[in-house]
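Here the structure is laid out as structure tokens; the discussion comes afterwards.
Protein chains: 2
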Amino acid sequence: MAKDVPVNAVKISLELVDLLRELDGAGVSEVAKRLDKPTSTIHDHLRTLEQQEYLVKEGDTYYVSTRFLQLGAHARSRQKVFKIARPEINELAQVTGEHANLMIEEHGVGVFLYRSRGPDAVRLDTHSGMRVPLQTTALGKSIMANRPREEVERILDRHGLEAVTDRSITDREELFDVLEEVRERGYSYDDEERVKGMRCVAAPILNEDDYAIAAVSVSGPKSRMREERFTEELPNQILKSANVIEVNLTYS
Amino acid sequence: MAKDVPVNAVKISLELVDLLRELDGAGVSEVAKRLDKPTSTIHDHLRTLEQQEYLVKEGDTYYVSTRFLQLGAHARSRQKVFKIARPEINELAQVTGEHANLMIEEHGVGVFLYRSRGPDAVRLDTHSGMRVPLQTTALGKSIMANRPREEVERILDRHGLEAVTDRSITDREELFDVLEEVRERGYSYDDEERVKGMRCVAAPILNEDDYAIAAVSVSGPKSRMREERFTEELPNQILKSANVIEVNLTYS
DNA sequence: ATCGACTTCCGGCCATAGCGGAAAGACATT
DNA sequence: AATGTCTTTCCGCTATGGCCGGAAGTCGAT
């Protein structure tokens, strides 16, 4: 096994924490089985993380601690686009009645920074901090469409084009064609490419150099996302919100 | 130096992350100076954390990444008291106009799980995930007052009684006297013990064994927190909310 | 009582974390 | 341009401590 990271012990602990999140808590032996390491090694790591207060132990089960809440809140509030976009996203959710979202790109994946539920919003699995492949959301496509092609290539080299539903885009050239359209049109669609039955409209937030730093969207059930509402009304509302955010970003 | 944790490398990385949060981003040499380690060592750790996507690098500065947002959101939603209390806290903020808060204890410190700003709420530094010494808030006192004395002793042994303002309680016996009163009265006060000019009223959330699992509070400026509102109206509203939460917790 | 499945502890080996030193850049200042 | 002072980054050695096998506890079930 080639040495891939400078400090392997840290890598193990981080994988361990993320596993505990996925499993929603686990004991020593279960973690050891999943990571294919001896229980004694895992035990050492769990103890360390617990002593440093990054995990909590209840009985023989370890859980992710709220220490991460503090770090996460900091990471989010550090993004100036977050605090400027938040009121606009709330507004968007209210007037459309649906979900409204804010996404940024980080390490080549899409991160939901914030979401607001409108009065008619359906139940949905998206939550703050959720990470998804960029090409599977209208948000991600709006971002990629307004980045240099070579940067998008690098992201694809790193993450590939994993399909999430049977409608996901999986061909690289097809994706670039779509991105071209999106850039010209100014906003993007997602038609059940990530979640069955859901459609989505998104627009990018651009900086002074027309480089996408984020995207905003509205998403809802297919039944309500159609005809003029889908092709005219929602795009206009979203473009207006995106524009307000862009303006507020430059003058702040 | 005695070996204090099983995996020292992990400890270094975790301290590093927390330092980056405090500093709101930093370069290699600044971190190295603060942690009193060689730059080469710090460099190894920063690279590892960045490769694992727990940090982001912008130019020569490393920042905490939104990876923590996902972990934090999980850690919070894991607490059933959070999702049950949230609507009640929002309600409390609306009817009182002030800040309303939810706190739990973790590793012997108070953690703000959620807060809601009412229409008249003043600017305040509290935020989700914030960690404070228990004895410096009405919330913390409500929790400690409804825990076995030996458990409180253990917490104090570990964390001491650090003063935050000149009104903070610093004497152990004095604290236990206060806690005794709080338990009998059913709710607790904070009169500028953490933040100058702010007062706070809190009530515990108890489980079936009368063991405090959390606390709710309302906090506001001294000028509005006085006379009957402070001694009657707010305590009653908070006790009512706490009771609703307790009931919803048992039947769910 | 005996088992089984877990967590925890212990002690040793050798991979590797941590470090010093040097190289490669960045950025002023002269 | 050239020099000096900051960085960050790289490289390779060495002693240490991370990792592991195995044993000892712990708990519940049968």
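Chains as they are written, first to last, in this note's numbering: chain D, 1 to 252; chain C, 1001 to 1252. We put the beta carbon where it would ideally sit given N, CA and C, even for glycine.
Alpha carbon to alpha carbon, how far is residue i from residue j?
{"i": "residue 224 of chain D", "j": "residue 197 of chain D", "result": "10 Å"}
{"i": "residue 1002 of chain C", "j": "residue 49 of chain D", "result": "At residue 1002 of chain C, the pLDDT of 39 sits below 50, so the modelled position is not reliable; the number obtained from the coordinates is stated separately. Between residue 1002 of chain C and residue 49 of chain D, the C-alpha separation is close to 18 Å."}
{"i": "residue 1040 of chain C", "j": "residue 45 of chain D", "result": "24 Å"}
{"i": "residue 1083 of chain C", "j": "residue 106 of chain D", "result": "29 Å"}
{"i": "residue 211 of chain D", "j": "residue 1053 of chain C", "result": "22 Å"}
{"i": "residue 1073 of chain C", "j": "residue 1051 of chain C", "result": "22 Å"}
{"i": "residue 155 of chain D", "j": "residue 1060 of chain C", "result": "21 Å"}
{"i": "residue 228 of chain D", "j": "residue 234 of chain D", "result": "8 Å"}
{"i": "residue 1220 of chain C", "j": "residue 1169 of chain C", "result": "20 Å"}
{"i": "residue 1117 of chain C", "j": "residue 1191 of chain C", "result": "20 Å"}
{"i": "residue 97 of chain D", "j": "residue 182 of chain D", "result": "25 Å"}
{"i": "residue 1056 of chain C", "j": "residue 1065 of chain C", "result": "6 Å"}
{"i": "residue 1078 of chain C", "j": "residue 1209 of chain C", "result": "21 Å"}
{"i": "residue 1027 of chain C", "j": "residue 186 of chain D", "result": "37 Å"}
{"i": "residue 58 of chain D", "j": "residue 1021 of chain C", "result": "27 Å"}
{"i": "residue 1104 of chain C", "j": "residue 112 of chain D", "result": "26 Å"}
{"i": "residue 5 of chain D", "j": "residue 1043 of chain C", "result": "12 Å"}
{"i": "residue 1014 of chain C", "j": "residue 14 of chain D", "result": "10 Å"}
Between which two residues does the beta strand (DSSP E) harbouring residue i extend?
{"i": "residue 199 of chain D", "result": "198-206"}
{"i": "residue 110 of chain D", "result": "109-117"}
{"i": "residue 1188 of chain C", "result": "1188-1191"}
CB-CB under 8 Å to residue i, same chain, minus the five flanking residues each way: which ones, in chain order?
{"i": "residue 1171 of chain C", "result": "1161"}
{"i": "residue 1114 of chain C", "result": "1076, 1082, 1085, 1086, 1089, 1101, 1102, 1128"}
{"i": "residue 24 of chain D", "result": "63"}
{"i": "residue 1012 of chain C", "result": "1035, 1037, 1041, 1045"}
{"i": "residue 125 of chain D", "result": "195"}
Taking residue i as part of the alpha helix (DSSP H), name the residues at either end of that continuous run.
{"i": "residue 177 of chain D", "result": "172-185"}
{"i": "residue 1028 of chain C", "result": "1028-1035"}
{"i": "residue 103 of chain D", "result": "Element bounds for residue 103 of chain D: not the alpha helix (DSSP H) but the beta strand (DSSP E), 99-106."}
{"i": "residue 157 of chain D", "result": "149-159"}
{"i": "residue 47 of chain D", "result": "39-51"}
{"i": "residue 1252 of chain C", "result": "No alpha helix (DSSP H) contains residue 1252 of chain C, which DSSP labels as neither H nor E."}
{"i": "residue 21 of chain D", "result": "8-23"}
Leaving out five residues before and five after residue i in sequence, what residues of the same chain have Cβ atoms less than 6 Å from its Cβ?
{"i": "residue 144 of chain D", "result": "134, 152, 179"}
{"i": "residue 1202 of chain C", "result": "1138, 1139, 1142, 1188, 1215, 1217"}
{"i": "residue 222 of chain D", "result": "197, 199"}
So what's residue i in DSSP terms, helix, strand or just coil?
{"i": "residue 240 of chain D", "result": "helix"}
{"i": "residue 216 of chain D", "result": "strand"}
{"i": "residue 1229 of chain C", "result": "helix"}
{"i": "residue 1245 of chain C", "result": "helix"}
{"i": "residue 57 of chain D", "result": "strand"}
{"i": "residue 1087 of chain C", "result": "helix"}
{"i": "residue 76 of chain D", "result": "helix"}
{"i": "residue 1164 of chain C", "result": "coil"}
{"i": "residue 132 of chain D", "result": "strand"}
{"i": "residue 95 of chain D", "result": "helix"}
{"i": "residue 64 of chain D", "result": "strand"}
{"i": "residue 144 of chain D", "result": "helix"}
Just mark residue i as buried or exposed, buried being the case when its beta carbon has 16 or more other beta carbons within 10 Å.
{"i": "residue 109 of chain D", "result": "buried"}
{"i": "residue 1241 of chain C", "result": "buried"}
{"i": "residue 1127 of chain C", "result": "exposed"}
{"i": "residue 237 of chain D", "result": "buried"}
{"i": "residue 1017 of chain C", "result": "buried"}
{"i": "residue 1029 of chain C", "result": "exposed"}
{"i": "residue 1194 of chain C", "result": "buried"}
{"i": "residue 123 of chain D", "result": "exposed"}
{"i": "residue 226 of chain D", "result": "exposed"}
{"i": "residue 8 of chain D", "result": "exposed"}
{"i": "residue 246 of chain D", "result": "buried"}
{"i": "residue 1250 of chain C", "result": "exposed"}
{"i": "residue 67 of chain D", "result": "buried"}
{"i": "residue 1262 of chain C", "result": "Here chain C comprises residues numbered 1001 to 1252, so residue 1262 of chain C is not present and cannot be evaluated."}
{"i": "residue 1031 of chain C", "result": "buried"}
{"i": "residue 10 of chain D", "result": "buried"}
{"i": "residue 1147 of chain C", "result": "buried"}
{"i": "residue 1204 of chain C", "result": "buried"}
Spatial neighbours of residue i within its chain, please: C-beta separation below 7 Å, excluding the five flanking residues on both sides.
{"i": "residue 1034 of chain C", "result": "1019"}
{"i": "residue 1207 of chain C", "result": "1213"}
Sorry if obvious, but does the Cβ on residue i come closer than 7 Å to a heavy atom of the ligand GDP?
{"i": "residue 73 of chain D", "result": "No copy of the ligand GDP appears in this structure; indeed no ligand is present at all."}
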